Amino acid sequence: MTHPTTTHDTLLADALGILRGLDAAEPAAERALEPLRARHTGSRLRLLRHREALDQSVHYGLLITEPGVGTTSLSWTPTSTVPWSLRGSQRTAESMLLRVNGEPLAIEEAMGYLDVLWEKTELLERLVTVCLVRQELAENPVRIEPAALQHAMDAFRRARGLLTPAATEQWMRERGLGVDAFEDLVEHEAAIAELKARILAERPLDPTELDRARVVRVRFTERLLADAFVDMVGRRSEPTDVRAVASAAAGAFAVASAVTGTEFLEVSADSVDGAEPGTVLGPTADGDGWSVTQVVAVIPATSGPRTDKLLADMAFERWVADRRRDARIEWFWGAAAKTPTGPVVSP
């Protein structure tokens, strides 16, 4: 009587011999199993085929089921092709949303990030940023001390109005987060804050980039009317009179339909080219009309935690832009899956 182990080993050896001899171009590869089935009538054999989308190459695997014992999966791969276990890994990763430089992001992870990180950025850019940050933290990790982590946890809750355990639990429940996932999320956000500080130290910025300018802006329907308004302001006031445009606009707005609106704004000082208070700028094209702007005041950035945070955020945004420009991006979800590599574009 033949020992079961011997029979199993013989079956595997015979099956491997057939797999090694299969011709990928042969339309009736299934027939190659007929002699094997005849020799091993007590086993069920199933030939598997996989066609690689990239080069249309065909690879075979074999499922050998021995009733009452189990199923063996067998494959053989020439050195010039991709092993069976790795073929189709991109297509079968149905829960994967995207991968950036090899760093994957699963759909369920993305859903958590969307609500809590970089809430003012575009969706696609935000997800790519998540992968870039994860890659950086994996290659150059930051250490979060327990006290700092607790501080981050408290700040996280305060920022979202989670002032009681019940409110926190409800917030977690609405997002399908367990305690461990919630702690991981907060730790990740704390790590990002440390990363931003590190990037700022490596790529320092001039605080004057945060200087602000307060301006008054008057909009007109036609360029000629805007030019006439600038001439009128120049004749009636001194160059340093920061109230000139606002005063003239108040009178014009009351009687002239050509004045479509007046705004008092705070903008970046760079956006007015560092102009001094009292300077009148324009007219400049503004949508379907024209605008005249006067600088009312320039407010220099002051040192302190708020300025440090703004500088860190700015340095981080520029770092991300540099990384995104050089990244290899592959989408596995939505219309972008049709173009798995290349720049980030809206689907």
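Whatever position you read off the sequence shown (first residue = 1), add 110 for the working numbering.
Cβ atoms here follow ideal geometry from the backbone N, Cα and C, with glycine treated the same way.
Quick caveat, the model's predicted, so the values are computed rather than measured.
With contacts defined as CB atoms closer than 7 Å, Ala262 and Val210 fail to qualify as a contacting pair. Between the region 382 to 397 and the region 330 to 338, the count of Cβ pairs shorter than 8 Å is three or higher; the stretches touch.
Between the C-alpha atoms of Gly178 and His150 there is a straight-line separation of about 15 Å. Trp441 and Leu233 have their C-alpha atoms spaced approximately 13 Å apart. Look at the region 368 to 449 and you find these whole runs of beta strand (DSSP E), each 3 residues long or longer: 369 to 378, 390 to 396, 399 to 409 and 439 to 441.
The continuous alpha helix (DSSP H) containing Leu305 extends over residues Val289 to Glu312.
Sequence-distant partners of Arg434 (beyond 5 residues in either direction) whose C-beta falls short of 8 Å from its own C-beta, in its chain, are Glu235, Val238, Thr239, Leu242 and Val454.
Nearest Cα to Arg130 within the set Ser153, Leu172 and Arg156: Leu172. In the structure shown, the three-state DSSP call for Pro188 is coil.
The shortest C-alpha to C-alpha distance from Leu320 to any of Ala422, His169, Gly180 and Leu184 is the one to Ala422. Of the candidates Leu146, His169 and Ala148, the residue whose Cα lies closest to the Cα of Leu132 is His169. Looking at the DSSP output, Val326 bridges to Phe374 and Gln404.
Ile174 is positioned such that its CB atom lies closer than 7 Å to that of Leu155. Between Arg327 and the set Pro317, Arg308, Gln280 and Ala358, the nearest pair of CA atoms involves Ala358. For Thr182 against Leu122, the beta-carbon gap comes to about 7 Å, under 8 Å, which counts as contact. Inter-residue distance for Ile254 and Ala301 is about 7 Å (C-alpha atoms, whole angstroms).
Contact check for Thr278 and Arg267: beta-carbon distance about 6 Å, within the 8 Å limit, so the pair qualifies. Annotation: the continuous beta strand (DSSP E) that includes His169 extends over Val168 to Glu176. If you draw a straight line from the Cα of Ile409 to the Cα of Glu219, it is about 41 Å long. For Ala385, the CB contacts under 7 Å within the same chain, skipping 5 residues up- and downstream, are Leu391 and Val405 in chain order.
For Arg149, the uninterrupted alpha helix (DSSP H) run begins and ends at Glu144 to Arg149, by DSSP.
With respect to the 7 Å criterion, Val343 and Thr403 are not classified as neighbours on the basis of their beta carbons. According to DSSP, residue pairing for Ala356 in a beta bridge does not occur. In the structure shown, the three-state DSSP call for Val243 is helix. When the five nearest sequence neighbours on each side are left out, the beta carbons in the same chain lying within less than 6 Å of the beta carbon of Ser205 are those of Ala216 and Ile217, in order along the chain. Only exposed fits Arg345, as fewer than 16 other CB atoms lie within 10 angstroms of its CB. Here Ala431 is exposed, its C-beta having fewer than 16 other C-beta atoms within 10 Å.
Scanning Lys306, Asp436, Arg416 and Phe374 for the CA closest to the CA of Ser401 turns up Phe374. In the displayed model, Arg156 falls within a strand according to three-state DSSP. Thr318 carries a helical assignment under DSSP once its states are collapsed to helix, strand and coil. CA-to-CA, the gap between Phe292 and Met282 works out to about 7 Å.
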